[in-house]
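The structure appears right after this line, and notes come after that.
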Amino acid sequence: MKLEELRFGTELIKRGFAKMQKGGVIMDVTNAEQAVIAEEAGAVAVMALHKVPADIRTAGGVARMADPKKIEEIIDAVTIPVMAKCRIGHVMEAKALETLGVDMIDESEVLTPADVFFHIDKRKFIVPFVCGARSLGEAVRRIWEGAAMIRTKGEAGTGNVVEAVKHMRLINYAIAKLGKLPDEKIYNVAEKYAERYLQLAKLVNESMSLDFDKNEPVFEEYTFDEIVDGLYRILLEIKEMQRLPVVNFAAGGIATPADAAFMMKLGADGVFVGSGIFKSSNPPEYAKAIVEAVQHYDEPEVIAEVSKGLGDAMKGLDVSKLSEEERLQTRGV
Amino acid sequence: MRVAVIGVQGDVEEHVIVTKKALKNLKVDGEVVATRKAGVVARSDAVIIPGGESTTISKLIFSNSIAEKILQLAYENKPVMGTCAGLILLSKHGDEQVAKTNTKLLGLMDIWVKRNAFGRQRESFQVRLNVKGIGDYDAVFIRAPAIVKAEKNVDVLATFENYIVAARQGKILALAFHPELTNDTRVHEYFLKLAFD
Chain V
564 MKLEELRFGT ELIKRGFAKM QKGGVIMDVT NAEQAVIAEE AGAVAVMALH
614 KVPADIRTAG GVARMADPKK IEEIIDAVTI PVMAKCRIGH VMEAKALETL
664 GVDMIDESEV LTPADVFFHI DKRKFIVPFV CGARSLGEAV RRIWEGAAMI
714 RTKGEAGTGN VVEAVKHMRL INYAIAKLGK LPDEKIYNVA EKYAERYLQL
764 AKLVNESMSL DFDKNEPVFE EYTFDEIVDG LYRILLEIKE MQRLPVVNFA
814 AGGIATPADA AFMMKLGADG VFVGSGIFKS SNPPEYAKAI VEAVQHYDEP
864 EVIAEVSKGL GDAMKGLDVS KLSEEERLQT RGV
Chain E
13 MRVAVIGVQG DVEEHVIVTK KALKNLKVDG EVVATRKAGV VARSDAVIIP
63 GGESTTISKL IFSNSIAEKI LQLAYENKPV MGTCAGLILL SKHGDEQVAK
113 TNTKLLGLMD IWVKRNAFGR QRESFQVRLN VKGIGDYDAV FIRAPAIVKA
163 EKNVDVLATF ENYIVAARQG KILALAFHPE LTNDTRVHEY FLKLAFD
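Chains as they are written, first to last, in the numbering used here: chain V, 564 to 896; chain E, 13 to 209.
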């Protein structure tokens with residue numbers, strides 16, 4: 564076998580990895596012991612963290628990539644894939660995670676963003692990425708940047724599913740809408756979605772009283788027109804497929820088996836459970852019940868059965884009482 | 013004919029789509045269903061176990077009687093195909109990862125498997141393989157397992173780096189890679205033809 568025929572990190576391999584997670588539950592864990600509980604319960608992957616989102620919320624301060632030693636312990640403890648979070652835009656945290664052998668990187672709003680202008684150009688990595696989205700625009704931008712999986716942002720660490728439901732509905736409605744739009748109108752949508760990449764260039768040009776030059780790269784090596792064209796192609800694909808071209812999971816506030824099943828019912832390909840499991844009163848049982856609920860999301864009798872006598876779910880927060888700074892979902896658009 | 017794709021977890025839809033295309037190419041009337049119901053598996057002419065997490069899929073097919081029905085179909089000499097996680101489940105002999113996670117196997121093929129044989133996701137790869145009975149094939153390996161040893165009654169269809177990556181025993185077909193992720197329907201056509209042998 565000739566070596567030059569071997570290819571790594573292609574779009575097919577990255578998106579393929581995400582597809583293998585479909586119908587599964589990905590659980591946040593903070594140590595090897597929790598990782599083993601998750602694997603035994605039937606999780607398809609674990610997210611290695613220093614603190615679960617609920618504790619990140621309470622702790623305050625700058626939330627960063629987890630300690631690599633902790634991530635390695637978790638990698639050594641389980642046979643299923645291990646994911647880890649880096650800060651939005653933080654290329655070096657992402658590179659470090661790739662070196663550790665993490666199977667997927669979550670460029671996550673749960674951590675404090677490192678770049679107010681841009682997300683990571685994820686095409687330049689071998690390892691696949693998952694990114695959060697509140698709307699079709701955010702999802703399409705992340706896919707264009709190379710994300711192999713999208714998840715709703717929801718509102719992490721609240722144990723309140725309302726925002727995840729909102730984001731799933733917003734994305735679904737927008738996809739249905741695309742199906743009825745003529746292609747030239749879709750091009751206008753692409754232009755609108757691409758404006759986000761102009762922020763830095765606009766700020767600098769305005770401060771220097773210069774006009775924006777259409778030929779200047781605005782993000783990495785890409786000009787505005789190239790970005791519009793890239794987004795346009797993805798939008799056409801979505802129009803045709805009537806779904807995102809990558810796997811779309813639910814995340815951010817899922818606390819109970821019924822929450823997980825509800826998100827599946829709304830069209831999620833799978834579910835991330837963050838604080839919901841290890842902040843509950845009985846993590847092993849909770850984990851198993853959520854796996855069962857995702858499996859049988861369209862069988863209400865199973866949801867009822869697995870929810871019996873589970874003990875207390877995590878306490879939860881009223882999202883409407885959170886101040887603007889306390890809302891993690893507004894980070895990275 | 014009716015083809016059942018075990019739909020508990022993994023890239024189920026991808027198998028359904030490629031199998032439908034393969035049926036069309038072969039001009040065979042049939043339906044392809046993704047299912048979590050043991051009864052549907054029992055009433056099928058061929059079964060596919062998709063890629064996904066073998067630990068998760070194993071738990072879910074052994075917790076109800078899906079596993080039992082797959083075994084029954086195999087004993088009736090109906091074709092069964094497993095890709096990636098599916099290959100692990102078809103094997104008789106697991107490795108230390110299979111043992112550590114208490115993963116139950118169907119044991120339909122006399123093969124010894126190694127999970128994550130090529131490494132983690134960053135080591136996942138695509139390569140042109142020569143597959144016996146099919147020809148040159150663009151194979152996608154994702155955290156793939158491999159067959160390290162096989163009994164003589166197992167027909168080796170493809171190898172890569174000293175590992176067996178495609179094999180057949182009677183009408184049971186196991187692949188370490190994912191023919192459902194590419195548009196190439198030849199592996200699925202090869203599998204469906206086994207039903208008429």
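Ideal Cβ placement from N, Cα and C applies to all residues, glycine included. Predicted model only: the values in this text are computed from it and were never measured.
| query | result |
| --- | --- |
| Can you list, in chain order, the residues of its chain whose CB lies under 8 Å from that of V/VAL673, leaving out five sequence neighbours each side? | PRO616, ILE619, ALA626, LYS648, ALA719, GLY720, GLY837 and LEU891 |
| Give me the chain E residues within the contact set of V/GLU602, using Cβ-Cβ distance strictly less than 8 Å, ordered along the chain. | THR67 and THR113 |
| Shorter than 7 Å, the distance from the beta carbon of V/ALA757 to the closest heavy atom of the ligand ZN, or not? | With respect to the ligand ZN, the structure offers nothing, as it holds no ligand at all. |
| Verify the CB distance criterion: does E/GLU26 have a CB-CB separation below 8 Å to chain V? | yes |
| To the nearest angstrom, report how far apart V/GLU603 and V/VAL592 are at their CA atoms. | 13 Å |
| For a test of the three-state rule: what should DSSP assign to V/LEU798, helix, strand or coil? | helix |
| Would you kindly work out how many angstroms separate the C-alpha atoms of V/GLU855 and E/THR47, rounded to a whole number? | 15 Å |
| Are the C-beta of E/PHE137 and some C-beta of chain V separated by less than 8 Å? | yes |
| Along the chain, where does the beta strand (DSSP E) that runs through E/LYS161 open and close? | 158 to 162 |
| Helix, strand or coil for V/ASN778? Go by DSSP, reduced to three states. | coil |
| Would you report the Cα separation of E/LYS161 and E/VAL24, rounded to the nearest angstrom? | 28 Å |
| With burial defined as no fewer than 16 other Cβ atoms inside 10 Å of the residue's Cβ, what is the status of V/ASN751: buried or exposed? | exposed |
| Does the contact criterion of 3 or more C-beta pairs under 8 Å hold for the region 803 to 814 of chain V versus the region 786 to 794 of chain V? | no |
| Please classify V/TYR860 as buried or exposed, where buried requires at least 16 other C-beta atoms within 10 Å of its C-beta. | buried |
| Do you know how far the Cα of V/GLU596 is from the Cα of E/VAL30? | 40 Å |
| Can you tell me which of V/ALA824, V/PRO644, V/ASP678 and V/GLU803 puts its alpha carbon nearest to the alpha carbon of E/GLU135? | V/PRO644 |
| Verify the CB distance criterion: does V/MET564 have a CB-CB separation below 8 Å to chain E? | Reliability fails at V/MET564, whose pLDDT of 47 lies under 50, so the model's placement of it is uncertain and no value is given. |
| So what's V/SER671 in DSSP terms, helix, strand or just coil? | strand |
| Quick one: does V/PRO644 have its CB under 8 Å from some CB of chain E? | yes |
| Please tell me whether E/HIS190 has its Cβ less than 8 Å away from any Cβ of chain V. | yes |
| Using the C-alpha atoms, what's the distance from E/GLU26 back to E/HIS200? | 12 Å |
| Near E/ILE18, which residues of its chain fall below 6 Å by C-beta distance, leaving aside the five closest residues on each side in sequence? | ILE61 |
| Tell me which residues of the region 810 to 821 of chain V have at least one Cβ-Cβ distance to chain E shorter than 7 Å, keeping chain order. | none |
| Determine which residues share a DSSP beta bridge with V/ALA608 and list them. | V/ILE589 |
| Could one say the Cβ of V/LEU575 lies closer than 8 Å to chain E's Cβ atoms, at least one of them? | yes |
| When the cut-off is 8 Å and only beta carbons count, does V/PRO846 lie next to chain E? | no |
| By DSSP, does V/ASN735 sit in helix, in strand, or in coil? | helix |
| The beta strand (DSSP E) that contains E/GLY94, what's its start and end? | 92 to 95 |
| Taking only beta carbons into account, state which residues of the region 683 to 715 of chain V come closer than 8 Å to chain E, listed in chain order. | ILE689, VAL690 and PRO691 |
| Please work out which residues of its chain come closer than 7 Å, Cβ to Cβ, to V/VAL882, disregarding the five sequence neighbours upstream and downstream, and give them in chain order. | GLU718, THR721, ASN723, VAL725 and GLU726 |
| Restricting to runs no shorter than 3 residues, where is the beta strand (DSSP E) found entirely within the region 649 to 736 of chain V? | 667 to 671, 692 to 696 and 712 to 715 |
| For V/VAL588 and E/ALA151, I'd like the C-alpha separation in whole angstroms. | 27 Å |
| Checking the sheet assignment: what are the DSSP bridge partners for E/HIS105? | E/TRP124 |
| How is the beta strand (DSSP E) around E/ALA16 delimited, first residue to last? | 14 to 18 |
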